[in-house]
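**Q** For reference, the structure I am asking about is given below.
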Amino acid sequence: MATYKATVGKETFGFPTLAALLAAATPERSGDHLAGIAALSEQQRVAARMALADLSLSVFLNEAVVAYAECEVTRLILDTHDQTAFAAQPARNVGDLRNWLLDPAVSGGDILAASPGLTPEMVAAVSKLMRNQDLIRVAHKIEVVTAFRSTIGRRGTMATRLQPNHPADDLAGIAAVILDGLMRGAGDAVIGINPASDSIANCIRLVEMLDDLREKLALPTQSCVLTHVTSTIDMIAAGAPVDLVFQSIAGTEKANEGFGLRLADLAEAQEAALSLGRGTAGQDVMYFETGQGSALSANAHSGVDQQTLEARAQGVARAFRPLLVNTVVGFIGPEYLFDAKQIIRAGLEDHFTGKVLGLPMGVDVCYTNHAEADQDDMDSLSVLLAVAGVNFVITVPGSDDIMLGYQSLAFEDIAFLRETTGLRPAPEFEAWLANQGPSVGAQPLLAAFERIGVSA
Amino acid sequence: MKEPTRSTRFDKLRRLTPSRVRFDASDHAPGLDAVLDFQASHARARDAIHRSVDWDSIIADLAPHTALRLESKAGERKTYLSRPDFGRELSDRSLLALDGMRVEGPVVVLADGLSSFAVQSHGAALFQALTALIPELGNAPVFLVEQARVAIADQIGASVGATATFMLIGERPGLSVSDSLGAYFTWAPDPGLQDSRRNCVSNIHANDGLSIRDAAARLAWVWQEARKLGTSGVTLKDMSGMQKAIASERSGE
C-alpha cells in the first residue's frame, strides 16, 4: 500500500511512509545503503523527489518520522513548532518552499522569520529537491550572528576554531600549537580542545590553562574543553573557568542515549554556564557538534535517512541558543559518506539546513584516511562553504589532527580563503590581530607565551 | 628544488609537539617540502588500507603452528569499507570450512582490518609472544581472515566452540602511524554480543607505540583474570589499577 507515489517514464513508484519517501529522495550516500533505506534505482530517486515536491507541508505536522511517544527529540520539535510563523509563510508544499527560498525577493531575514514555523524534517525535505548551487545560494542569504567575547557570523566574516589537540594532553605541546595558530590568525570562533582523557581533573587542568593564556594575551575569544555535558556541569560546580558548554547531539532520543545524553542535561548545563556571566560581547554559551550517520552508528536511526536525522539534531541545537554548531561531516567514515562527492554534498546540506533553522553553522571540513577523499577535495569544499557564508571552520596544524587521527583544514588554509574570498575574522579578533601584529612579527605574542613558561 | 631555509628560531617550540606546526607568520602557501611530506604520509596510510596482505609469508612466520585462511562476506575492499556489517560475517565458503571443527580452549584470529601493514608487520610476532605466555593457544590453528571487522571473531569462536578469542587486527591508519595493530579479547564468543564484553589493547607498533612484549603481557593478564571471573569486558577493566601495578612490577624487573 503506497501512500505516496509518482511516475517516471512508464513506471509508477510508491512509498509507504514519509520516512521511506524522504530516504528515497536523498542524493546517494553509503549510510542510507547500510541502513537499507536508500533508493533502489536512480529513477526511483527522482520519482521520490517528484512526490516530495507535491507533498503538503502540513503532512510533516501529522506524520512524525520517529514516533512522538517514543522520542523526546520528536516531542521537542512538535511541541515548540510555531503555528503562526508556519501560517505566515506562503509555501504550501515542499516544492513551493524550494521556490520561495530561492526567490531573489525573499531575504535572509524573511527566511529567519519563517524558520520557527519550519520543522527540521521540512527543511531536510526541501534540501533533497535542491542542487548544490541552490544550497549555497539560500544559505548565503542568511546571516546568523552570535556572540560571547567575539562576534561570529556577521556578513563578510568567517571565523575559525583553533583545535590544538595533543595525544597526551601535554600543556606545553598544546600551547605551542595555539601559538602557531594565533600567528596565522586562527582562533576567533573558539580555542577548543578534544581532551585525550575525559577525567574531570584533566579537563579542569586544560580549561584553566586555556583561560590563563587567554587572559595574559587579552584574547577576544572563548575557550572550550570538549567533554561530556555532565562533566562540564561538574567542572562549573568545581569553580573551573568554563566559557562554553560542549555536547555532541543526534537526531533521535535513542541515539542521544548512546551519547549518555538527556535533553534536560543541556538545559541544566546552559543555566550553569550562564550563571558565570563570562561573556563580554554576548551570552551565547552552547557549542554543539553533529554529523550524518551518528544515529545509524548507534543503531538508533528508526528507518529515517541520515540527512533528515541530521536536521533533527539541528532541531535540538536551536532550542538552546548556541554560539557555535558544526557538522563533523567527513569524520564519521566511509560507511556513512563514502567519498568526496558524498562528503561535499553532505557538508553543503548540513550548512544549509542549519542556517535555515537559524543556527550559527560551522563545518569541520575533514576526511579520514579510509574515505575516498584528499586535500584537493577539502580545498573544493572549503571554498564552496566560504562562498555559502559558513560562520566558522575548524583548523589544525598542517591539516593533521594527531590526537583524533583525521585531516581537517590547516591554519594556512584560512589565509588562502580570506585572500581569495575577501572574508575577514570576527571584528574583535581582527582588532586584536592588528594590535598584536602576529602577521608582521610574533614578538609580543612570544613574550606573552614566555610569561606562561613556553619560550622559543 | 631547494626550499628556503626554515627559521631555526622556533625549534624549541617545534620539539614540544609532534603536530605539523609551522611557526611562520607569513600568509604564504606551505612549502613544497611540507606538501610532499604530507602526501607521503597520506599515501602510506592509503596503501596500508588498500594493499592486500601477503598471507603466505605470515603462515611461514607462524610455524610450527598451523593456520586456516578464511574470508568475510565483504569480498573486496570497496564493499568492506562501505558495509561494515559484511565484514563481521564469514562467507558461506568459510563457514563450510569450519563445519564440524572443534577446539579446546582459546583461539587467535589474525585479520587485515583497516591496515594490512599492521598484521603483516606485527601479527605473527604477537601470536608467537602470546603463545609463549599462553601455551593453550598452540592447540588450535590460527585463523587468518581477510576483509574482516573485529566482531567476525565472535562467529569463528562460537562456531568452533572456543572458550575465548584473541582478535589481532589492523587499526585505522593515521598520518604518522600506518601499521598499528589492535588486540581484542572476548570470553565466551557469541555473535551479536556487545562491544562492552571486549577488552582492548591498542596502539601496538614500533613507532613509540606499545611493544609486542608488553602487549602480550597485558593480554595474558586479561586471559588469566577472565578465566577466574568467567567473563571479559568492562568487569575486567574496573581492575585496571591492578593491571598497572603488574606493569610497573614488570618494568622493575
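Going line by line, the protein sequences match chains F and B. The opening residue of the first sequence carries number 23 in the working numbering; numbering runs sequentially from there. The opening residue of the second sequence carries number 1114 in the working numbering; numbering runs sequentially from there. We put the beta carbon where it would ideally sit given N, CA and C, even for glycine.
1) My assumption, with CB atoms under 8 Å, is that Leu359(F) sits in contact with Gln329(F). Please give the rounded CB distance.
2) For the region 403-418 of chain F against the region 161-174 of chain F, do three or more pairs of beta-carbon atoms, one drawn from each stretch, fall closer than 8 Å, so that the two count as touching?
3) Short check: CB of Leu100(F) to CB of Tyr90(F), under 8 Å?
4) Comparing the C-beta of Gly1076(B) with each C-beta of chain F, is any distance below 8 Å?
5) Just the chain B side, please: which residues come within less than 8 Å of Val14(F) by C-beta, in chain order?
6) My output table needs one value for Val1347(B): the three-state DSSP class, helix, strand or coil.
7) Using the beta-carbon count (16 or more within 10 Å), is Gly144(F) buried or exposed?
8) In angstroms, rounded to a whole number, what distance separates the CA positions of Ala190(F) and Thr1130(B)?
9) Please list the terminal residues of the continuous beta strand (DSSP E) segment that includes Tyr26(F).
10) Looking at the unbroken beta strand (DSSP E) that takes in Val347(F), where does it start and where does it end?
11) Just mark Ser1364(B) as buried or exposed, buried being the case when its beta carbon has 16 or more other beta carbons within 10 Å.
12) Name, please, each residue of chain B whose Cβ falls closer than 9 Å to the Cβ of Ile424(F).
13) Enumerated in chain order, which unbroken segments of the alpha helix (DSSP H) with a length of 4 residues or greater are wholly contained in the region 221-281 of chain F?
14) Does any residue of chain F bring its CB to less than 8 Å from the CB of Leu1126(B)?
15) Which stretch, first to last residue, makes up the alpha helix (DSSP H) that contains Arg120(F)?
16) With a cut-off of 8 Å on the beta carbons, I'd call Lys1191(B) and Ser1204(B) a contact; round off their distance for me.
17) Is Phe1256(B) close to chain F? Criterion is C-beta to C-beta, closer than 8 Å.
18) Considering Cα atoms alone, identify which of Phe310(F), Thr274(F), Ala262(F), Ser324(F) is closest to Ala294(F).
19) Please report how far the alpha carbon of Ala127(F) lies from the alpha carbon of Ala291(F), in whole angstroms.
20) Using a Cβ-Cβ cutoff of 8 Å, what residues of the region 202-213 of chain F are near chain B? List them in chain order.
21) As a quick exercise: from Phe1256(B), Leu1227(B), Val1314(B), pick the residue whose alpha carbon is nearest that of Glu1189(B).
22) Compute the Euclidean distance between the alpha carbons of Gly1236(B) and Leu1223(B), then round it to the nearest angstrom.
23) Leu1342(B) and Asn1312(B) - do their beta-carbons sit closer together than 8 Å?
24) Using a cut-off of 9 Å between C-beta atoms, extract the partners of Leu1194(B) located in chain F.
25) Looking only at its chain, what residues have a beta carbon closer than 8 Å to the beta carbon of Leu445(F), apart from the 5 residues adjacent to it on each side?
26) Let me see if you follow: with CB-CB separation under 8 Å, is Leu56(F) close to chain B or not?
27) Counting C-beta neighbours from all protein chains within 10 Å, is the total for Asp399(F) 16 or more, i.e. buried, or is it exposed?
28) So does the region 65-77 of chain F actually touch the region 29-48 of chain F, counting three or more Cβ pairs closer than 8 Å?
29) Are any of the Cβ atoms in chain B nearer than 8 Å to that of Glu434(F)?
30) So with Cβ pairs under 8 Å, would you call Arg1310(B) a contact of chain F?
31) Give the interface partners of His250(F) over in chain B, defined as CB-CB distance under 7 Å, in chain order.
32) Check the Cβ-Cβ distances between Ala45(F) and every residue of chain B, and say whether any is below 8 Å.
33) Give the interface partners of His188(F) over in chain B, defined as CB-CB distance under 7 Å, in chain order.
34) Within the chosen definition, does the region 117-135 of chain F reach the region 349-368 of chain F through at least 3 CB pairs nearer than 8 Å?
35) Alpha helix (DSSP H) containing Met205(F): first to last residue?
36) Taking 8 Å as the cut-off, decide whether the C-beta atoms of Leu183(F) and Glu434(F) are in contact.
**A** Taking the structure as given:
1) Counting from one through the first sequence, the residue named residue 359(F) turns up at place 337. Counting from one through the first sequence, the residue named residue 329(F) turns up at place 307. Their Cβ separation, rounded to whole angstroms, is 10 Å, which puts Leu359(F) and Gln329(F) out of contact at 8 Å.
2) They touch, by the three-pair rule.
3) As a first step, residue 100(F) is located in the first sequence; it is residue number 78 there, counting from the start. As a first step, residue 90(F) is located in the first sequence; it is residue number 68 there, counting from the start. It is a contact, given that the beta carbons lie within the stated cut-off.
4) Past the edges of chain B, shown from 1114 to 1366, lies residue 1076(B), and the structure says nothing about it.
5) Since the displayed chain F opens at 23 and closes at 478, residue 14(F) lies outside it and no answer follows.
6) Numbered from its first residue, the second sequence carries residue 1347(B) at position 234. Reduced to three states, the DSSP call for Val1347(B) is helix.
7) In the first sequence, the residue the question calls residue 144(F) occupies position 122. Checking the sequence shown, residue 144(F) turns out to be Met, not Gly. Met144(F) comes out buried.
8) Locating residue 190(F) in the first sequence gives position 168, where the first residue counts as 1. Locating residue 1130(B) in the second sequence gives position 17, where the first residue counts as 1. Ala190(F) and Thr1130(B): Cα-Cα distance of roughly 10 Å.
9) Walking along the first sequence from the start, residue 26(F) turns up at place 4. That run of the beta strand (DSSP E) goes 26-30.
10) The residue given as residue 347(F) occupies position 325 in the first sequence. Unbroken beta strand (DSSP E) run through Val347(F): 344-349.
11) Indexing the second sequence from 1 puts residue 1364(B) at position 251. With a pLDDT of 36 at Ser1364(B), under the threshold of 50, the modelled position of this residue cannot be trusted; read the value that follows with caution. Its Cβ having fewer than 16 others within 10 Å, Ser1364(B) is exposed.
12) Sequence index remark: in the first sequence, residue 424(F) carries index 402 (1-based). Contact note: Ile424(F) reaches chain B through Thr1130, Pro1131, Ser1132, Arg1133, Gly1287, Leu1288, Ser1289, using a C-beta cutoff of 9 Å and chain order.
13) The DSSP assignment places 222-239, 251-259, 275-280 as complete runs of the alpha helix (DSSP H) inside the region 221-281 of chain F, in order along the chain (cut-off: 4 residues).
14) The sequence position of residue 1126(B) within the second sequence is 13, counting from 1. With 8 Å as the cut-off, Leu1126(B) counts as an interface residue toward chain F.
15) Residue mapping note: residue 120(F) aligns to position 98 of the first sequence, counting from 1. Its alpha helix (DSSP H) spans residues 116-124.
16) As a position in the second sequence, residue 1191(B) is number 78, starting the count at 1. As a position in the second sequence, residue 1204(B) is number 91, starting the count at 1. Ser1204(B) and Lys1191(B) do not touch by the CB rule: their CB atoms are close to 16 Å apart, not below 8 Å.
17) Working through the second sequence from its first residue, we reach residue 1256(B) at position 143. Chain F, which has no Cβ nearer than 8 Å to the Cβ of Phe1256(B), makes this no.
18) Counted from its first residue, the first sequence places residue 294(F) at position 272. The residue with the shortest Cα to Cα distance from Ala294(F) is Ala262(F).
19) Position 105 of the first sequence, counted from the first residue, corresponds to residue 127(F). Position 269 of the first sequence, counted from the first residue, corresponds to residue 291(F). Straight-line Cα distance between these residues: approximately 40 Å.
20) Listed by position, the residues of the region 202-213 of chain F near chain B (Cβ gap below 8 Å) are Asp202, Met205, Arg206.
21) In the second sequence, residue 1189(B) corresponds to position 76, counting from 1. Of the candidates Phe1256(B), Leu1227(B), Val1314(B), Leu1227(B) places its Cα closest to the Cα of Glu1189(B).
22) Position 123 of the second sequence, counted from the first residue, corresponds to residue 1236(B). Position 110 of the second sequence, counted from the first residue, corresponds to residue 1223(B). Between the C-alpha atoms of Gly1236(B) and Leu1223(B) there is a straight-line separation of about 7 Å.
23) Position 199 of the second sequence, counted from the first residue, corresponds to residue 1312(B). Position 229 of the second sequence, counted from the first residue, corresponds to residue 1342(B). Against a cut-off of 8 Å, the Cβ pair of Leu1342(B) and Asn1312(B) comes out as no contact.
24) Along the second sequence, one-based indexing puts residue 1194(B) at 81. Simply Ser52, Gly355, Pro356, Glu357, Phe360, His392, Ala393, Glu394.
25) For the purposes of this step, residue 445(F) is identified with residue 423 of the first sequence, where counting begins at 1. The answer, listed in chain order, is Gly178, Thr179, Met180, Ala408, Leu439.
26) The residue you call residue 56(F) lines up with position 34 of the first sequence. At least one C-beta of chain B is nearer than 8 Å to the C-beta of Leu56(F).
27) In the first sequence, residue 399(F) corresponds to position 377, counting from 1. Around the beta carbon of Asp399(F), 16 or more other beta carbons lie within 10 angstroms, which makes this residue buried.
28) At 8 Å Cβ cutoff, the stretches touch.
29) Your numbering for residue 434(F) matches position 412 in the first sequence. Yes, because at least one Cβ of chain B sits closer than 8 Å to the Cβ of Glu434(F).
30) By one-based count along the second sequence, residue 1310(B) stands at place 197. For Arg1310(B), no Cβ of chain F is located within less than 8 Å of the residue's own Cβ.
31) As a working note, residue 250(F) is residue 228 in the first sequence. What His250(F) touches in chain B: nothing, since even the nearest Cβ is about 17 Å away.
32) As a working note, residue 45(F) is residue 23 in the first sequence. It does not: the Cβ of Ala45(F) has no partner Cβ on chain B nearer than 8 Å.
33) As a first step, residue 188(F) is located in the first sequence; it is residue number 166 there, counting from the start. For a Cβ distance threshold of 7 Å, residue set Thr1130 of chain B lies close to His188(F), ordered along the chain.
34) The region 117-135 of chain F makes no contact with the region 349-368 of chain F: fewer than 3 CB pairs, one atom from each, lie closer than 8 Å.
35) Along the first sequence, one-based indexing puts residue 205(F) at 183. In the DSSP assignment, Met205(F) falls within the unbroken alpha helix (DSSP H) covering 193-205.
36) For the purposes of this step, residue 183(F) is taken as residue 161 along the first sequence, with counting starting at 1. For the purposes of this step, residue 434(F) is taken as residue 412 along the first sequence, with counting starting at 1. Before going further, note that residue 183(F) is Arg rather than Leu in the sequence given. Result no, Cβ atoms of Arg183(F) and Glu434(F) do not sit closer than 8 Å.
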